[in-house]
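Participant:
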Amino acid sequence: MATKDEVEKFLNTFQAKLKIFKIIFRDDRGKNTQALAELEITPAYRENVIRNITVSDYSEGPVKDTLNKYGEIWVFGKDVKKKEVYIKIALGHPDSATICISFHKAEHPVVYPFKNQEL
Numbered sequence: 006m007a008t009k010d011e012v013e014k015f016l017n018t019f020q021a022k023l024k025i026f027k028i029i030f031r032d033d034r035g036k037n038t039q040a041l042a043e044l045e046i047t048p049a050y051r052e053n054v055i056r057n058i059t060v061s062d063y064s065e066g067p068v069k070d071t072l073n074k075y076g077e078i079w080v081f082g083k084d085v086k087k088k089e090v091y092i093k094i095a096l097g098h099p100d101s102a103t104i105c106i107s108f109h110k111a112e113h114p115v116v117y118p119f120k121n122q123e124l
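First residue of the sequence shown? That's 6 in our numbering, and the numbers climb one at a time after it.
1. For residue 65 and residue 52, I'd like the C-alpha separation in whole angstroms.
2. Alpha carbon to alpha carbon, how far is residue 61 from residue 121? Give it in angstroms, no decimals.
3. Contact between the stretch 35-53 and the stretch 10-18 is defined here as three or more beta-carbon pairs at a separation below 8 Å; is this criterion met?
4. Give me the Cα-Cα distance between residue 82 and residue 109, rounded to the nearest whole angstrom.
5. Is residue 106 helix, strand or coil when you go by DSSP?
6. What do you reckon, are the CB atoms on residue 28 and residue 102 nearer than 7 Å?
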């Protein structure tokens, strides 16, 4: 598990890179596309949710991405229209877009180590 400072550093880097290179959503994964319909949200709304992730939304990571080689994967959870959403993001490759690997309704309760703690 990362420390609050490590999560904050990741989020600052992620948000800065997102402003420059945007984000790629892995919508080739069925449940990510299905989540837009189930939650009745637009892709722009989804991106806004990711832009507003905070340290208190942190769940786990960093985890090495051995499958897609996007670097380290970080997991967050967020309440979207009263549904808990599981969000897995990565910085992606240098000088390229950030990556959202997962954005769908949580299949299991998400654990938030820093929720309800003073940040």
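Glycine included, every Cβ here is placed at the ideal spot set by N, Cα and C.
Facilitator: In short:
1. By one-based count along the sequence shown, residue 65 stands at place 60. By one-based count along the sequence shown, residue 52 stands at place 47. Roughly 20 Å separates the two Cα atoms.
2. If you number the sequence shown from 1, residue 121 lands on position 116. If you number the sequence shown from 1, residue 61 lands on position 56. Each residue's alpha carbon lies about 7 Å from the other.
3. No, the stretch 35-53 is not in contact with the stretch 10-18.
4. Counted from its first residue, the sequence shown places residue 82 at position 77. Counted from its first residue, the sequence shown places residue 109 at position 104. Roughly 10 Å separates the two Cα atoms.
5. Stepping through the sequence shown from its first residue, residue 106 is reached at position 101. Assignment of residue 106 by DSSP, reduced to helix, strand and coil, places it in the strand class.
6. Against the sequence shown, residue 28 aligns to sequence position 23. Against the sequence shown, residue 102 aligns to sequence position 97. Inclusion of residue 28 and residue 102 in the CB contact set at 7 Å is warranted, their separation being smaller than that value.
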